[in-house]
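Engineer: Numbers given in this note's numbering equal positions in the sequence shown, counted from 1, plus 377.
The C-beta atom is built at its ideal place from N, Cα and C for all residues, glycine as well.
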Amino acid sequence: MTRLGTAFRRAAAAAVCLIAAASVQAPAQAKAEPKAPREFTDLRSVAPTVLHDIRYTGPHNFVGVPVDGYRQPLCILTRPAAQALARAQRTLLRQGYSLKVYDCYRPQRAVDHFVEWAEDLADERMKAEFYPRVEKSRLFADGYIAEKSGHSRGSTVDLTLVRLPAAPTRPYVPGEPLAACHAPQADRFPDNSVDMGTGYDCFDTLSHTDDPRITGVQRANRQLLKGVLAAEGFVNLPEEWWHFTYRPEVFPQTFFDFPVAERSLRGHGG
378 MTRLGTAFRR AAAAAVCLIA AASVQAPAQA KAEPKAPREF TDLRSVAPTV
428 LHDIRYTGPH NFVGVPVDGY RQPLCILTRP AAQALARAQR TLLRQGYSLK
478 VYDCYRPQRA VDHFVEWAED LADERMKAEF YPRVEKSRLF ADGYIAEKSG
528 HSRGSTVDLT LVRLPAAPTR PYVPGEPLAA CHAPQADRFP DNSVDMGTGY
578 DCFDTLSHTD DPRITGVQRA NRQLLKGVLA AEGFVNLPEE WWHFTYRPEV
628 FPQTFFDFPV AERSLRGHGG
């Protein structure tokens with residue numbers, strides 16, 4: 378074979394190798410996390426004095442573990458809802474109170490986590506605190522768990538009132554003895570909230586905002602929270618004294634799934 382022929386065969390073989398290498402699929406790239414639309418903001422940038430106790434970031438909640446999608450203890454909301462909370466906070470500060478948020482925007486993946494947990498009837502590690510009088514098999518039928526949540530639209534917030542100066546609260550220790558959320562305030566898990574008649578996320582009819590068994594100071598506290606927020610455009614969910622939605626909603630039909638994290642808001646400029 379001539380030198381020219383050998384060179385030609387080598388070039389052809391190299392070309393085949395390049396084609397074969399190109400045909401091999403590259404490793405799958407990690408899927409990029411969704412970002413929040415520009416209409417969302419961190420509540421701290423709008424109302425820095427509002428207290429935070431973001432329960433789903435840690436284990437002190439009805440699931441008993443950090444919830445999917447909660448990367449940092451942030452309150453992310455649509456900007457109009459955050460601005461309305463800032464106005465409500467100013468009103469309450471003049472009366473010696475502060476708002477405290479438990480949950481704000483909630484990713485769809487967190488809602489899916491709740492659904493998966495509710496379907497696992499064997500997991501009742503937090504029943505004694507959060508749903509002591511409700512069978513777990515009834516959580517869907519009774520409306521405590523659903524496949525969609527208004528929180529995922531970004532204008533709904535769970536919150537309470539704290540009398541100032543705010544008293545410190547001890548952290549929850551996983552595995553510690555649990556106290557029923559419907560018990561008297563002195564017997565419930567310590568929370569620096571004023572007495573609202575039940576703890577937060579209490580799956581019980583006592584959590585209904587206008588339940589007639591809630592009287593006196595407890596009723597007055599609920600009505601103060603409801604009245605101040607209603608004046609700024611928030612509508613209460615009658616079954617949960619802590620649950621309010623700002624209206625009109627910016628995204629009334631959209632359920633988002635970006636994580637609760639600062640990076641979800643990156644580039645917004647606050």
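1) If you drop the 5 nearest sequence neighbours on each side, which residues of the same chain put their C-beta closer than 6 angstroms to that of V444?
2) So, at 7 angstroms on beta carbons, what are the nonlocal neighbours of A461 in its own chain, with the 5 sequence-adjacent residues on each side left out?
3) Return the bridge partner residues of I453 from the DSSP annotation.
4) Name the two residues that bound the continuous alpha helix (DSSP H) containing N598.
5) Determine the closest residue to S475 out of A518, R448, T426 and P484, with distance taken between C-alpha atoms.
6) What residue from Y479, P457, C452 and R471 has the CA that sits closest to N649's CA?
7) In this structure, how does DSSP classify P404 when only helix, strand and coil are distinguished?
8) From D430 to R540, what distance separates their C-alpha atoms?
9) In chain order, which beta strand (DSSP E) runs of at least 3 residues are fully inside the segment 441-491?
10) Would you decide whether K477 is buried or exposed? Buried here means 16 or more other CB atoms lie within 10 Å of its CB.
11) Are the beta-carbon atoms of F417 and T455 separated by less than 7 angstroms?
12) In whole angstroms, give me the CA-to-CA distance for S526 and V492.
13) Taking the straight line between their C-alpha atoms, what separation do you get for E467 and G604?
14) Exposed or buried, what is V550 when buried is set at 16 or more other beta-carbons lying within 10 Å of its beta-carbon?
15) Between N598, D564 and G531, which has its C-alpha nearest P414's C-alpha?
16) Just reading off the alpha helix (DSSP H) that F507 is part of, what are its end residues?
17) Helix, strand or coil: how does DSSP classify D653 here?
18) Using a threshold of 7 angstroms, state whether the C-beta atoms of G446 and P484 are closer than that.
Structural biologist: In this structure, then:
1) The beta carbon of V444 lies closer than 6 angstroms to those of Y433, A487 and H490 in the same chain, with the five residues before and after it left out.
2) E609, G610, F611 and Y623
3) D419
4) G593 to A607
5) T426
6) Not covered by the structure: residue 649. The range shown for the chain is 378 to 647.
7) The predicted model places P404 with a pLDDT of 45, which falls under 50 and marks its position as unreliable, so this point remains unresolved.
8) 15 angstroms
9) 453-455 and 474-480
10) buried
11) yes
12) 11 angstroms
13) Residue identity check: residue 467 is Arg in the sequence provided, not Glu. Approximately 14 angstroms, taken between the alpha carbons.
14) exposed
15) G531
16) K504 to F507
17) For residue 653 there is no data in the structure shown, the boundaries of the chain being 378 and 647.
18) yes
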